[in-house]
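Note sheet for the following structure.
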Amino acid sequence: MKKLLGIISLIAIALFLVACDGGKETSEDIFALLMEAEDLSGMKNKMGTIIREDGDLGLPKQYKGVQITYKSRNPEIINDDGVVTLPGECWIESRDQKGEKVFEGLNDNWPVVIDVTLSYKGIERTAKLLFVVAPREGYTCDKYKG
């Protein structure tokens, strides 16, 4: 009887220890969640097209508890909240044009990089989004003196 009671006690203690450990998230679990947030939040779906209208990109601010923040490298065109304001000039005209040689047929659109920080329980992951924004209607430039 004592042996049976001892075995039952050991099993109960083992089950208790296993049950207590089940709630801990490892750093690998959190990193996997951050990767899932980056992949499934829809951020990457916003890229790959030319943005031709003012408005909100609808960038997610959180996903399954992961906080997502944005920092635009060109906030005059896309601000940190993901709101687009079409530029009033084409990208190439904003560059310093000192040369005499004329290059024709260059791209009018603006590349805008947004740095993304995904954070959850003190662990962070960073990513970058690249958007292409067309100038406001009526602004085209097909020549560049470089």
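Every position in the sequence shown, counted from 1, becomes a number in the working numbering once 7 is added.
Idealized CB from N, CA, C, for every residue including glycine.
Fair warning: this is a prediction, and the values are worked out from it, not measured in the lab.
Roughly how many whole angstroms lie between the Cα atoms of residue i and residue j?
i      : j      : result
ARG143 : GLU83  : 13 Å
TYR146 : GLY95  : 7 Å
ASN81  : GLU35  : 34 Å
SER79  : ASN86  : 6 Å
ARG59  : VAL140 : 6 Å
LYS135 : LYS71  : 20 Å
ASP63  : GLN74  : 19 Å
GLU131 : GLY55  : 25 Å
GLY65  : LYS31  : 33 Å
Quick one: using the 10 Å Cβ neighbour count with 16 as the cut-off for buried, is residue i buried or exposed?
i      : result
ILE57  : exposed
PHE38  : exposed
LEU137 : exposed
Closest to residue i by CA distance: which of the options is it?
i     : options                      : result
GLN69 : ASP61, TRP117, MET42, THR92  : MET42
LEU93 : ILE121, VAL120, ASP61        : ASP61
VAL6  : VAL73, PHE38, LYS71, PRO67   : Nothing can be reported for residue 6, as the shown portion of the chain is limited to 8 through 153.
ASP88 : TRP98, ILE130, THR33, ILE121 : ILE121
**Message:** Suppose only complete runs of 3+ residues qualify. What are the beta strand (DSSP E) ranges in the segment 61-90, listed by chain order?
**Reply:** 73-79
Would you list, in sequence order, the uninterrupted beta strand (DSSP E) runs of no fewer than 3 residues that lie entirely inside the segment 107-146?
109-111, 117-127, 130-140
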